[in-house]
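A short worksheet on the structure shown next.
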Amino acid sequence: IDHQIAYRAEKNYPKTALILKEIDSTVNQNRDSLGTMLNYIQSNLLDMKIRYFLTTKNNDSAKVYIDILENAAKLTNTHSTSLSIRKSDLAANKNDYKLAFDLVYDAMNKVEEEFMALSSEMDTLLYSHAEAEYNRIELQEAEHVKSKRLNWIIGITAGALLLFSAVSHYIF
601 IDHQIAYRAE
611 KNYPKTALIL
621 KEIDSTVNQN
631 RDSLGTMLNY
641 IQSNLLDMKI
651 RYFLTTKNND
661 SAKVYIDILE
671 NAAKLTNTHS
681 TSLSIRKSDL
691 AANKNDYKLA
701 FDLVYDAMNK
711 VEEEFMALSS
721 EMDTLLYSHA
731 EAEYNRIELQ
741 EAEHVKSKRL
751 NWIIGITAGA
761 LLLFSAVSHY
771 IF
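Here the sequence shown is numbered in our numbering, starting from 601 and rising by one per residue.
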């Protein structure tokens, strides 16, 4: 939060650079104790550095960190919309507005694809849930009918036994 205050509100870039270095140093010193949070923290720190260098128009440093982000995306076989946005920002810093537009457009398309896939998955899950609920109700109704039949069979059997008992008692 301090880095955001420093370079967004106060535009205090030297303070921001110092804060980012402190965060980086703290993460490196404590990497063993961070466990599963390490990747999450490093990812956020990487994004903070990219945004800082883009904001300060230090395009060469921003490019270095964007390349690191891009290589990480290749390793995990994912396309990061934030990668396209950061590349777009870098292109805009270099006055290449056509490339910047194309990259933002690509990011928007990726977001739309992800949204459509998520919507489709949600539809499938909701349909499956509705179908499971319908099957549960049907099963309850079938169990109720089965229970009624069983009660009838028990009643008829008990009646037949009583009748047989009465007739056999009367005859013998």
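Don't be surprised by glycine CBs; every beta carbon is placed ideally from N, CA and C.
In angstroms with no decimal places, state the Cα-to-Cα distance between residue i and residue j.
i, j, result
"M637", "R651", "21 Å"
"K674", "G635", "23 Å"
"A606", "Y613", "A caution first: A606 carries a pLDDT of 48, below 50, which makes its placement in the model unreliable, though a value can still be read off. When rounded, the distance between both Cα atoms is 7 Å."
"I737", "D702", "52 Å"
"L761", "W752", "14 Å"
"S720", "H729", "14 Å"
"N659", "Y640", "24 Å"
"G759", "L739", "30 Å"
"I756", "K748", "12 Å"
"L620", "Q629", "14 Å"
May I ask which residues mark the beginning and end of the alpha helix (DSSP H) holding residue i?
i, result
"Y728", "According to the sequence displayed, residue 728 carries Ser and not Tyr. It spans 697–771 - the alpha helix (DSSP H) in which S728 sits, taken as one unbroken run."
"T681", "681–693"
"T636", "Segment: none, T636 is in no alpha helix (DSSP H) and carries neither H nor E."
Looking only at C-alpha atoms, which of the options sits nearest to residue i?
i, options, result
"D706", "D647, S633, S680, D696", "S680"
"L654", "Q642, L690, S625, L718", "L690"
Report yes if the CB atom of residue i is closer than 7 Å to the CB atom of residue j, and no otherwise.
i, j, result
"I623", "L646", "no"
"Y665", "K649", "yes"
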